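Note that this note's numbering gives residue 116 to position 80 of the sequence shown, counting from 1, and the numbers run on in steps of one. The C-beta atom is built at its ideal place from N, Cα and C for all residues, glycine as well. If you're wondering where the values come from, they're calculated on a predicted model, not measured in any experiment. Read through the structure below, which is laid out as structure tokens, and then see the notes.
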Amino acid sequence: MRRTKSQSEETRQRILDAAETVFIEIGVAGASLERIAAEAGVTRGAIYWHFANKQELLTAIFARAYDQHVNELARTFEHASDPLRAVLDWALSVIELFGTDEHTRTVYRITVTRCEYLSEMQEAYTLQRSMHDTMVENFRLAFERASEAGQLAPGWTATTASTTLHCFMSGLLDNWLRFDFDAEVAKTLRMALESLVESFRRDAACPQQVALSKARG
37 MRRTKSQSEE TRQRILDAAE TVFIEIGVAG ASLERIAAEA GVTRGAIYWH FANKQELLTA
97 IFARAYDQHV NELARTFEHA SDPLRAVLDW ALSVIELFGT DEHTRTVYRI TVTRCEYLSE
157 MQEAYTLQRS MHDTMVENFR LAFERASEAG QLAPGWTATT ASTTLHCFMS GLLDNWLRFD
217 FDAEVAKTLR MALESLVESF RRDAACPQQV ALSKARG
């Protein structure tokens, strides 16, 4: 019996779900297509119908999660009347996503802690680097709009502000995935993020300046 397009896509998604489960349990290097097929309840041939090898599987897992996030990032920044507010809202939404969406954490944990990007995994690394570069470019464009709107505080440029925020977010998420932060840490991270983005804004009151003004008063 010939499978319909929807049935084929359902099988493909089931294979991806199974691969995520196996990768997070034993790592990408230790996973075999036989193990993934057993987890998905399909034959090894069914996997080969959709994916040529383990690298294609890993790349598809990344793309399934990343495409949505990168597209949302671009849409958020494109027509924002307040670029810095848009940057903050997006970054806060990422923290919320990591705090509430187990699937998102699983996929990103695979990229950070379960994969060595050597030899056969180079294609997956190339895709990950491309997505990284796209995100960096979106940040830069958002801060350029903020600069053009006169929002950036003296001492900040679009490049330094976007680089600083990207490093903050990358370090935040990397540590979250490695050490599984709890809700209290997430709350602290949100406060730190708000303070950082506010420091980019022209005329934002610096805490030290406020304290000095009160002391002089």
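Cβ pair residue 133, residue 182 closer than 7 Å
Against the sequence shown, residue 133 aligns to sequence position 97. Against the sequence shown, residue 182 aligns to sequence position 146. No.
Quick one: residues in its chain with C-beta nearer than 7 Å to the C-beta of residue 99, no 5 flanking neighbours on either side, listed in chain order?
On the sequence shown, position 63 is the one that residue 99 refers to. Taken in chain order, the residues that qualify are 163.
When we look at the beta-carbon of residue 40 and count the other beta-carbons within 10 Å, is it buried (16 or more) or exposed?
Residue numbering aside, residue 40 sits at position 4 when the sequence shown is read from its first letter. Looking at its Cβ environment, which holds fewer than 16 other Cβ atoms inside 10 Å, residue 40 is exposed.
Can you find the residues in the same chain that come closer than 8 Å, C-beta to C-beta, to residue 151, ignoring five residues on each side of it along the sequence?
As a working mapping, residue 151 is identified with position 115 in the sequence shown. For residue 151, where only same-chain residues beyond five positions count, the Cβ hits under 8 Å are 59, 63, 64, 65, 94, 157, 160.
Would a C-beta distance cut-off of 7 Å place residue 222 and residue 135 closer than the cut-off?
The residue given as residue 222 occupies position 186 in the sequence shown. The residue given as residue 135 occupies position 99 in the sequence shown. The Cβ atoms of residue 222 and residue 135 sit closer than 7 Å to each other.
Give the straight-line distance between the Cα atoms of residue 44 and residue 226, rounded to the nearest whole angstrom.
Along the sequence shown, read from residue 1 onward, the residue named residue 44 stands at position 8. Along the sequence shown, read from residue 1 onward, the residue named residue 226 stands at position 190. So the two alpha carbons sit approximately 41 Å from each other.
Since residue 56 and residue 143 should fall inside the 8 Å C-beta cutoff, what is the C-beta to C-beta distance between them, to a whole number of angstroms?
Counting from one through the sequence shown, the residue named residue 56 turns up at place 20. Counting from one through the sequence shown, the residue named residue 143 turns up at place 107. At roughly 7 Å, the Cβ-Cβ gap stays under 8 Å, so residue 56 and residue 143 are in contact.
If you draw a straight line from the alpha carbon of residue 113 to that of residue 167, how long is it in whole angstroms?
Taking the first residue of the sequence shown as position 1, residue 113 is located at position 77. Taking the first residue of the sequence shown as position 1, residue 167 is located at position 131. Rounded to whole angstroms, residue 113 to residue 167 spans 16 Å at the Cα level.
Considering only the beta carbon of each residue, do residue 88 and residue 50 sit closer than 7 Å?
Within the sequence shown, residue 88 is the residue found at index 52, counting from 1. Within the sequence shown, residue 50 is the residue found at index 14, counting from 1. Not in contact: residue 88 and residue 50 (Cβ atoms no closer than 7 Å).
Buried versus exposed call for residue 84 [16 or more other C-beta atoms within 10 Å across all chains shown]:
Working through the sequence shown from its first residue, we reach residue 84 at position 48. Around the Cβ of residue 84, a 10 Å sphere holds fewer than 16 other Cβ atoms; the residue is exposed.
Taking DSSP's pairing of strands, which residues face residue 71 in a bridge?
Walking along the sequence shown from the start, residue 71 turns up at place 35. Its beta-bridge partners do not exist; DSSP assigns none.
Cα-Cα separation, residue 235 to residue 116:
Residue mapping note: residue 235 aligns to position 199 of the sequence shown, counting from 1. Residue mapping note: residue 116 aligns to position 80 of the sequence shown, counting from 1. Those two C-alpha atoms are separated by around 19 Å.
Alpha carbon to alpha carbon, what distance is there between residue 178 and residue 233?
In the sequence shown, residue 233 corresponds to position 197, counting from 1. In the sequence shown, residue 178 corresponds to position 142, counting from 1. Just so you know, the alpha carbons of residue 233 and residue 178 end up roughly 12 Å apart.
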